[in-house]
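These notes concern the structure reproduced below.
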Amino acid sequence: MSKPYAEERIKVPRFNEESGFYTTPQRSKIMSKIRGKNTKPELAFRKALYAAGYRYRIDYKKLIGKPDIALPKYKTVIFIDGDYWHGKDWELRKPKIKTNSAFWVAKFERNIQRDKEVNLALAEKGYTVFRFWESEIKKDIGACLQKVIVHLNSMHTR
489 MSKPYAEERI KVPRFNEESG FYTTPQRSKI MSKIRGKNTK PELAFRKALY
539 AAGYRYRIDY KKLIGKPDIA LPKYKTVIFI DGDYWHGKDW ELRKPKIKTN
589 SAFWVAKFER NIQRDKEVNL ALAEKGYTVF RFWESEIKKD IGACLQKVIV
639 HLNSMHTR
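The opening residue of the sequence shown carries number 489 in our numbering; numbering runs sequentially from there.
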């Protein structure tokens, strides 16, 4: 049963030859190399969080959106989003898409919309949601970790 959303859900067109989309074995091979979990920024953040003394669940399937890192004890989840797939600086990148723009614009906008829906659903369940861009983690993992630890410490003192 789908939940009604305030915003109209974005429909992403399917790849098909009639629309001018072609899938080739080469494209398939390239796309298969894109990681969905256990990315380098995610592993680095998990290692730092573990070193700080916090234990967590990874790709927690019991929650909507399968958070990259879940701390159920603290009702806290952490997503480490890829800059490209989750639309970092989307408004600047959007006009630059020239090939198959009908598909790619809808694809990225639906990803952004889904992230917002997941944040809202988790917040309604009482979870605190942290979302970090992979570039944030690469640039300053300490600052990202500090935000989470400050929150976890405040939860621990309650």
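C-beta atoms are modelled at their ideal positions from N, C-alpha and C, and glycine is treated no differently. It should be emphasised that the depicted structure is a prediction, and the values quoted were computed from it without experimental measurement.
>> Please identify the residue among K595, F567, N641 and T616 whose C-alpha is closest to the C-alpha of G524.
In response: Along the sequence shown, read from residue 1 onward, the residue named residue 524 stands at position 36. Among K595, F567, N641 and T616, the Cα nearest to that of G524 is on F567.
> I552 to I585, Cα distance in whole Å?
Replying inline: For the purposes of this step, residue 552 is taken as residue 64 along the sequence shown, with counting starting at 1. For the purposes of this step, residue 585 is taken as residue 97 along the sequence shown, with counting starting at 1. Going by the C-alpha atoms only, they are around 30 Å apart.
> Is DSSP giving W439 helix, strand or coil here?
Replying inline: Since the first and last residues shown for the chain are 489 and 646, residue 439 lies out of range.
> In or out: Y615 buried (at least 16 other Cβ within 10 Å) or exposed?
Replying inline: Along the sequence shown, one-based indexing puts residue 615 at 127. By the 10 Å Cβ count, Y615 comes out buried.
> How would you write the range of the alpha helix (DSSP H) that L647 sits in, first residue to last?
Replying inline: Missing from the structure shown is residue 647; the chain here goes from 489 to 646 and no further.
> Can a CB atom of chain D be found closer than 8 Å to the CB of N607?
Replying inline: The displayed structure is made up of one protein chain only, and chain D is not part of it.
> Does DSSP classify D628 as helix, strand or coil?
Replying inline: The residue given as residue 628 occupies position 140 in the sequence shown. Correct three-state label for D628: helix.
> Is the distance from the Cβ of V500 to the Cβ of A558 below 8 Å?
Replying inline: Taking the first residue of the sequence shown as position 1, residue 500 is located at position 12. Taking the first residue of the sequence shown as position 1, residue 558 is located at position 70. In this structure, A558 does not lie closer than 8 Å to V500 by Cβ.
> Are A536 and L640 touching if we call contact CB-CB under 8 Å?
Replying inline: Taking the sequence shown and counting its residues from 1, one reaches residue 536 at position 48. Taking the sequence shown and counting its residues from 1, one reaches residue 640 at position 152. Not a contact, by the Cβ cut-off of 8 Å.
> So what's A558 in DSSP terms, helix, strand or just coil?
Replying inline: Taking the first residue of the sequence shown as position 1, residue 558 is located at position 70. Strand.
> Just how far apart, CA to CA, sit G549 and G575?
Replying inline: By 1-based counting over the sequence shown, the position of residue 549 is 61. By 1-based counting over the sequence shown, the position of residue 575 is 87. Looking at the sequence shown, residue 549 is not Gly but Lys. If I take the Cα positions, the gap works out to 24 Å.
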